[in-house]
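Chemist: For the sequence shown, the working numbering assigns the number 623 to the initial residue and increments by one for each residue that follows. Quick one: the structure is below, questions incoming.
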Amino acid sequence: MTGGTVAAGGLAVAGYQAAFADTTTTTTTTDAAASTASATASESSGCMTLMSSVTEGPYYLDNALVRKDITEGKSGVPLTLRLTVVDATDGCTPVSGAAVEIWHCDAWGYYSGYTTANPGGSAPAESEDGSTADDNTYLRGYQIANANGVVKFETIFPGWYTPRTCHIHLKVHTGGQKEDGTYEGGKVNYTGQLFFDDEVAQEIFTLEPYSKHSGSYTTLDNDMVYDGGGASSGLLTLRAVHKKDPSKGYKGFLTLGVDPDAENTGAGSGGGGGGGGGEGGTPPGDAPSASASSASSSSS
623 MTGGTVAAGG LAVAGYQAAF ADTTTTTTTT DAAASTASAT ASESSGCMTL
673 MSSVTEGPYY LDNALVRKDI TEGKSGVPLT LRLTVVDATD GCTPVSGAAV
723 EIWHCDAWGY YSGYTTANPG GSAPAESEDG STADDNTYLR GYQIANANGV
773 VKFETIFPGW YTPRTCHIHL KVHTGGQKED GTYEGGKVNY TGQLFFDDEV
823 AQEIFTLEPY SKHSGSYTTL DNDMVYDGGG ASSGLLTLRA VHKKDPSKGY
873 KGFLTLGVDP DAENTGAGSG GGGGGGGGEG GTPPGDAPSA SASSASSSSS
């Protein structure tokens, strides 16, 4: 596929403009319209089914920064994420103030904090990318949900590492607060992963800088975590910025139906719906084969 909309993860009925409208305006008319669009989007993604919780994986680090742009200059195809957090136990009402945390690998399969881990296949060393990104913080961050439960991130399309498919890790927190540039306290309600249509991912991986990482890419059907549940398992709906030029970027969106009263350990316990929630704990072989950097002691 080149450009267009991939409605794999739901929300397509809300339309492009509704899905990416700025919902922070405070006028009554705008708020009403945004709420209607949010409700329609939630219904189309089946948010009454709780999102499936899966493992947090081996690359989680505490103290990510609260920020919209997490790229730190890392090169790759631009990706804007718009995620809506709703209470799946209470009619899909927005979870205002929820903290959404994401982290993912760079275009060659390297995670910040683990830059010496081997991503599999043949890839340049992480240090060869030429960016000035902080090796302990790039492609990690929090955003706090607005009154409509919406957060937005600016990042890059993630690469891949053996034996995983292309994905983004995610946690939803409630009950804490922003402190010293990060998010402190509260509890984790949901641990999950976001996934991408295979056709879109494989097209992007033919572009620079992704094409410098060669090897065998794992498709969704063969991934050890994705369980085939579509939106309830984290499959994003993607919209190309330019229909004929994938290098211009994508916008991805999904409604996250969670239980704000639940507490999740990140060990892969099922969150209900979607068929079971993937492997428990750190999946065998999920981590690249080489040893991680000194920051690895912070992971679970």
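A virtual CB, placed ideally from N, CA and C, is assigned to each residue, including glycine. A quick note: this is a predicted structure, and the numbers were derived from the prediction, not measured.
#1: Please classify residue 674 as buried or exposed, where buried requires at least 16 other C-beta atoms within 10 Å of its C-beta.
#2: Pull the bridge partners of residue 817 from the DSSP assignment, please.
#3: For residue 866, tell me which candidate among 689, 825, 754 has the shortest Cα-Cα distance.
#4: Alpha carbon to alpha carbon, what distance is there between residue 836 and residue 842?
#5: State yes or no: is the C-beta of residue 716 within less than 8 Å of the C-beta of residue 730?
#6: Does the distance from the C-beta atom of residue 702 to that of residue 774 stay below 8 Å?
#7: Please identify the residue among 771, 708, 711, 887 whose C-alpha is closest to the C-alpha of residue 809.
#8: Measure how close the beta-carbons of residue 676 and residue 794 come, nearest whole angstrom, since I'm counting them as under 8 Å.
#9: According to DSSP, simplified to helix, strand and coil, what is residue 811?
#10: Can you tell me the Cα-Cα spacing of residue 776 and residue 870, whole angstroms?
#11: Taking the alpha carbon of residue 778 as the reference point, which residue from 683, 690, 878 has its own alpha carbon closest?
#12: Relative to the C-alpha of residue 684, which candidate in 697, 852, 723, 714 has its C-alpha closest?
#13: Does any C-beta atom of chain D lie closer than 8 Å to the C-beta of residue 738?
#14: If contact is defined by three or more beta carbon pairs under 8 Å, each pair taking one atom from either stretch, is the segment 786-801 in contact with the segment 812-820?
#15: For residue 719, name the three-state secondary structure that DSSP assigns.
#16: What first and last residue would you give for the beta strand (DSSP E) that runs through residue 709?
#17: Based on Cα-Cα distance, which residue from 785, 861, 781, 767 lies nearest to residue 796?
Modeler: With the given structure in hand:
#1: On the sequence shown, position 52 is the one that residue 674 refers to. Label assigned to residue 674: buried.
#2: Locating residue 817 in the sequence shown gives position 195, where the first residue counts as 1. Per DSSP, 789, 857.
#3: Here the question's residue 866 lines up with position 244 in the sequence shown. Checked all of 689, 825, 754; the closest Cα to residue 866 is 825.
#4: Reading the sequence shown from its first residue, position 220 is the one you call residue 842. Reading the sequence shown from its first residue, position 214 is the one you call residue 836. Rounded to whole angstroms, residue 842 to residue 836 spans 18 Å at the Cα level.
#5: Locating residue 716 in the sequence shown gives position 94, counting from the first residue. Locating residue 730 in the sequence shown gives position 108, counting from the first residue. Going by C-beta atoms, residue 716 is not nearer than 8 Å to residue 730.
#6: Your numbering for residue 702 matches position 80 in the sequence shown. Your numbering for residue 774 matches position 152 in the sequence shown. The answer is yes: Cβ separation under 8 Å.
#7: Here residue 809 corresponds to residue number 187 of the sequence shown, with the count starting at 1. Measuring from the Cα of residue 809, the nearest candidate turns out to be 887.
#8: Walking along the sequence shown from the start, residue 676 turns up at place 54. Walking along the sequence shown from the start, residue 794 turns up at place 172. Going by Cβ atoms, the distance from residue 676 to residue 794 rounds to 13 Å, so no, they are not a contact pair.
#9: In the sequence shown, residue 811 corresponds to position 189, counting from 1. Residue 811: strand per DSSP, three-state reduction.
#10: Locating residue 776 in the sequence shown gives position 154, where the first residue counts as 1. Locating residue 870 in the sequence shown gives position 248, where the first residue counts as 1. Each residue's alpha carbon lies about 13 Å from the other.
#11: On the sequence shown, position 156 is the one that residue 778 refers to. Residue 778 has its Cα closest to that of 690, out of 683, 690, 878.
#12: Along the sequence shown, one-based indexing puts residue 684 at 62. Cα-wise, what sits closest to residue 684 is 723.
#13: In the structure shown, chain D cannot be found, because there is only a single protein chain.
#14: yes
#15: Along the sequence shown, one-based indexing puts residue 719 at 97. The answer is coil: DSSP assigns residue 719 none of H, G, I, E or B.
#16: Here the question's residue 709 lines up with position 87 in the sequence shown. Where residue 709 is concerned, the enclosing beta strand (DSSP E) stretches over 700-709.
#17: As a working mapping, residue 796 is identified with position 174 in the sequence shown. Nearest C-alpha to residue 796: 767.
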